[in-house]
Amino acid sequence: MHACIHKYIHTYLHSYTRIHTYIHTFTHAYVYTYVCLGCSNVAWKEAAKELGTLRAKFELTLQTLRSILGLELNCSWADIVEHVELLGRLADGHKGQDKSIKEEDDDEESEAEELRQLLLQAEMDLDEKEQQLEEQCARVRDLSDVLSKQQNHVARTCAQLSNQNEQKDLVSKQREELLRTTADRDRLNDERNRLREETRKLRELNVFQQKHLQEKESQLAIAEASLVEKHTSLARREQELGDLQADHERQRAEIEELCDVVASRDDEVDRIRSQLEVYEAAERRKHSRVPSVGASSDSRELSVQGQRSTPNLGMLHSETARRFRRCPGAQQLPYILKHIVSQGLGLRESRIWYMVVLKSTRRSCAKYSFCFLKLRLPSWPLRWLLRWPPGVARSHLTGLHERMWR
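The C-terminal residue of the sequence shown carries number 415 in this note's numbering, and the numbering is unbroken.
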């Protein structure tokens, strides 16, 4: 029974190996044909499907044998054959011991004969392989000689090509050098002609400049005589300038004295401010007690006139900058006093206005322009500034100046 099982398993495994090889070869051939040739035949697909089914059956049978023999799942067909042979030897060991001795002798003789035949065949194969190896070595040597000759020929050809390329480059460089030399020669000829023409023009210019120099020398003598006269006039004007500067210093001293006098009139300013407040309160009561159409129209006209009298700060800024550039930078005080008088303001208002503005604009030249701007306005800023004490008015005026000139 064990012998039958061994024979069956051996036959099955042999058939399985052949079929597995056939399936593997057919699968590779099918994949190559389908991928490389784009084959889409249905018969090929069905054959591949049948072979896959047959392979699955063989796998199932092999798994069944593993479970019957109690082997592991990862054992191969060689492990199964070895296990079956071991079982067969254990089962038949006791029955055929005598027969096995004789059979072993016969088997040994037959095996020795087979080994001698195999050894003879192996020696013949070895001689044949050695002869083939010698032929292959000779062929390889011939091919290596041919290859070395071809490499030498290729090297010579490359050298010749490189020499030809170098010669071509040399010829092209010589041609370019010749063209460059020709261009340089033409350029030098043009430069020579140009220099000759410039030399001729310079000679003519030299003659003309000699004549012009003589004329300039005569004019220089006349200019020297005129310069002496101008020096005399300049000395006279410097004397006049000294007189004007002395007058200017005197006027500045008078202005400072006037500032001190104006500063001592704070009581009068307070009295005028109180009178102005009383007058404005009376005016407000007067307009509030008599509401009428004419009064409302008059008030609207007054408000419109007040709005119209309010200056545009951007326009005043540009006008002030233009006027300030026309005046001397550090000599603004005399000009401010003259402008106060020219505007027709009263002496009292002029003193109050000058006291408020001058004390807030005495430190920098830029603030004098602001003072000049305010002197060009109507008299409404005077009433507006008189509502505060002198210190508050000065601080408010300075802040307004900074916002306008920022």
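Just so you know, even glycine gets a beta-carbon here, dropped at the ideal spot from N, CA and C.
Item, Value
"Label residue 211 either buried or exposed according to how many other C-beta atoms from any shown protein chain fall within 10 Å of its C-beta, with 16 as the threshold for buried.", "exposed"
"Reducing DSSP to helix, strand and coil, say where residue 261 ends up.", "helix"
"Check residue 202 in the structure and name its three-state DSSP category.", "helix"
"What's the gap between the Cα of residue 247 and the Cα of residue 225?", "31 Å"
"With DSSP as the reference, label residue 82 as helix, strand or coil.", "coil"
"In whole angstroms, what separates the C-alpha of residue 351 from that of residue 227?", "Its pLDDT being 45, under 50, residue 351 is placed unreliably in this model, and the coordinates cannot settle the point."
"Is residue 273 helix, strand or coil by DSSP?", "coil"
"Since residue 80 and residue 88 should fall inside the 8 Å C-beta cutoff, what is the C-beta to C-beta distance between them, to a whole number of angstroms?", "6 Å"
"To the nearest angstrom, how far is it from the Cα of residue 252 to the Cα of residue 263?", "17 Å"
"Evaluate residue 74 with the Cβ neighbour count: other Cβ atoms within 10 Å of its Cβ, from every protein chain shown; 16 or more gives buried, anything less gives exposed.", "buried"
"Quick one: Cα of residue 217 to Cα of residue 180, how far?", "55 Å"
"By how many angstroms is the C-alpha of residue 168 removed from the C-alpha of residue 4?", "Because the chain in this structure spans residues 10 to 415, residue 4 falls outside the shown range and cannot be described."
"Rounded to a whole number of angstroms, what is the C-alpha to C-alpha distance between residue 213 and residue 191?", "34 Å"
"Between the alpha carbons of residue 77 and residue 98, how many angstroms are there, rounded?", "18 Å"
"So, is residue 93 buried or exposed, given that buried needs 16 or more other C-beta atoms within 10 angstroms?", "buried"
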